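Data first, discussion second: the structure below is written as structure tokens.
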Amino acid sequence: MRTTDHPQRPAREATLGTWPATIGRLAREYAVLVLTVALFLYLAVSADNFLTVANLTNVLSQSAVLGVMACAATLLIIAGNFDLSVGAIFAASGIVAVLVVDSVSVPAGIAAGVVTGAVLGFLNGLVVTGLGVNSFIATLASGLMIGGLVLAVTRGQTTDSTSAEFVGLSMKRFLGLDLMTWVFVVWALVLGFILARTTYGRYMYAVGGNALAAELSGVRVSAVRIATFVLSGLGAAVAGILSASQSGSVPVTAGTSLVLITIAAVVVGGTSIWGGDGAVWRTVVGVVFLSLIQNGFNLLDIDPLYGNIVYGGIILIAAAVDARVRSAR
Numbered sequence: 453m454r455t456t457d458h459p460q461r462p463a464r465e466a467t468l469g470t471w472p473a474t475i476g477r478l479a480r481e482y483a484v485l486v487l488t489v490a491l492f493l494y495l496a497v498s499a500d501n502f503l504t505v506a507n508l509t510n511v512l513s514q515s516a517v518l519g520v521m522a523c524a525a526t527l528l529i530i531a532g533n534f535d536l537s538v539g540a541i542f543a544a545s546g547i548v549a550v551l552v553v554d555s556v557s558v559p560a561g562i563a564a565g566v567v568t569g570a571v572l573g574f575l576n577g578l579v580v581t582g583l584g585v586n587s588f589i590a591t592l593a594s595g596l597m598i599g600g601l602v603l604a605v606t607r608g609q610t611t612d613s614t615s616a617e618f619v620g621l622s623m624k625r626f627l628g629l630d631l632m633t634w635v636f637v638v639w640a641l642v643l644g645f646i647l648a649r650t651t652y653g654r655y656m657y658a659v660g661g662n663a664l665a666a667e668l669s670g671v672r673v674s675a676v677r678i679a680t681f682v683l684s685g686l687g688a689a690v691a692g693i694l695s696a697s698q699s700g701s702v703p704v705t706a707g708t709s710l711v712l713i714t715i716a717a718v719v720v721g722g723t724s725i726w727g728g729d730g731a732v733w734r735t736v737v738g739v740v741f742l743s744l745i746q747n748g749f750n751l752l753d754i755d756p757l758y759g760n761i762v763y764g765g766i767i768l769i770a771a772a773v774d775a776r777v778r779s780a781r
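Residue numbers (our numbering): 453 to 781.
What follows is the structure in structure tokens.
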């Protein structure tokens with residue numbers, strides 16, 4: 453007897469319904485890796501000087517400052533927050549480091565710069581968690597205040613270092629790579645381990661995914677958020693010190709352009725801007741991808757003015773994929 457009942461259809465439809473989410477998730481997690489490999493191969497064929505040791509190590513060195521900041525920003529965004537003050541912390545920490553280096557010693561200056569970044573990050577965390585201010589607004593305001601303080605202290609002048617020991621320190625080479633690159637590698641490995649292999653890392657995912665549920669489960673949400681702001685401040689400080697050592701000076705506008713490109717590297721790497729999902733290794737790939745684009749522009753003699761158009765398009769696509777994945781869930 454013929455029947456119109458299809459008991460298995462709902463299950464099949466439910467299975468089919470998961471395909472958009474699965475495809476979107478895979479695209480968000482691995483698209484940047486595929487694109488980076490494709491871009492690498494294209495430049496290897498198209499640019500004569502691309503596959504040289506000097507050029508490839510230069511790409512890694514140019515990735516270091518952005519990479520250090522972006523890895524720290526990854527943990528912060530996974531925990532559900534943003535930090536728009538990292539550019540100002542970058543400049544402030546670099547300036548403090550230079551001033552202390554010139555008046556005391558190189559180790560003291562580096563320590564002072566790192567402490568400056570950590571303290572400023574801690575204060576950002578207190579404002580966000582203690583006063584309940586949205587992190588976007590809170591760090592926008594703190595960035596303006598820190599930047600204003602930098603202008604007042606320096607009177608708008610570039611801060612130069614007179615220490616021969618400090619200037620060029622970040623460019624000293626070991627096993628074929630400069631110190632900047634090694635700091636980036638170690639920093640990424642440490643933060644990647646924290647995120648993927650520790651209880652604190654699991655708490656970050658939980659807080660970013662659903663802060664209320666995490667709190668009801670016994671997670672100290674405020675402590676987790678403050679700690680990620682401290683790491684964000686540390687990342688900006690380390691990057692600022694590396695940059696100051698590289699050039700021997702810190703302009704008052706140092707770090708201004710790094711704020712949005714740092715978030716861009718994280719988003720391009722597949723970390724959800726809504727929190728709760730992401731990985732440090734993907735951010736590292738995202739940083740390298742953006743650096744390869746810049747390197748390709750230089751080697752192929754393409755007007756760098758088009759760079760922002762390309763970056764903007766890539767960010768928009770990454771954000772669209774993220775939104776698609778969330779809606780498909």
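Ideal Cβ placement from N, Cα and C applies to all residues, glycine included. Bear in mind the structure is a predicted one, so any value in this text is a computation, not a measurement.
The bridge partners DSSP lists for residue 625 are 630. Exposed is the label assigned to residue 760, since fewer than 16 other Cβ atoms lie within 10 Å of its Cβ. In the structure shown, residue 611 falls within a strand segment according to DSSP collapsed to helix, strand and coil. Here the segment 751-767 does not lie against the segment 723-735, with fewer than 3 beta-carbon pairs under 8 Å apart. Counting the other CB atoms within 10 Å of its CB gives residue 638 a total below 16, which places it among the exposed residues. Taking a contact to require three or more Cβ pairs closer than 8 Å, the segment 521-529 and the segment 506-513 do not qualify as touching.
Contact between the segment 616-627 and the segment 706-714 is absent: fewer than 3 CB-CB pairs across the two stretches fall below 8 Å.
Distance from the CA of residue 654 to the CA of residue 648, rounded to the nearest whole angstrom, comes to 7 Å. Ranked by Cα distance from residue 498, the first of 764, 578 and 749 is 749. Remark: three or more beta-carbon pairs, one from each stretch, lie closer than 8 Å, so the segment 687-695 and the segment 551-568 are flagged as touching. Per DSSP, residue 665 is one residue of the alpha helix (DSSP H) stretching across 663-668. A direct Cα-Cα distance of roughly 30 Å separates residue 504 from residue 643.
Among the bridge pairs identified by DSSP, residue 701 is matched with 612. Closest by C-alpha distance to residue 534, out of 716, 743 and 742, is 716.
CA-to-CA, the gap between residue 652 and residue 538 works out to about 22 Å. Going by C-alpha positions, residue 483 is about 12 Å away from residue 491.
Only residues of its own chain outside the window of five on either side were considered, and among them 537, 540, 541, 544 and 572 have a CB closer than 7 Å to the CB of residue 598, listed in chain order. Annotation: the segment 720-759 contains the following complete segments of the alpha helix (DSSP H) (minimum length 4 residues), in chain order: 732-751. Contact annotation, residue 722 with residue 576: C-beta distance approximately 25 Å; criterion of less than 8 Å not satisfied. Taking each of 726, 558 and 501 in turn and checking the Cα distance to residue 620, the smallest one comes out for 558.
Only exposed fits residue 645, as fewer than 16 other CB atoms lie within 10 angstroms of its CB. In this structure residue 588 is exposed. Its beta-carbon is surrounded by fewer than 16 other beta-carbon atoms within 10 angstroms.
Sorting 713, 775, 719 and 771 by C-alpha distance to the C-alpha of residue 746 places 713 at the top.
By the C-beta density criterion, residue 495 is buried, having at least 16 other C-beta atoms within 10 angstroms.
Taking every protein chain shown into account, the CB of residue 657 has 16 or more other CB atoms within 10 angstroms, so this residue is buried.
Taking C-beta separations shorter than 7 Å and ignoring five residues to either side along the sequence, the partners of residue 590 in its chain run 576, 579 and 580, following chain order. For the pair residue 726 and residue 634, the Cα-to-Cα distance works out to about 31 Å. In the DSSP assignment, residue 574 falls within the unbroken alpha helix (DSSP H) covering 558-582.
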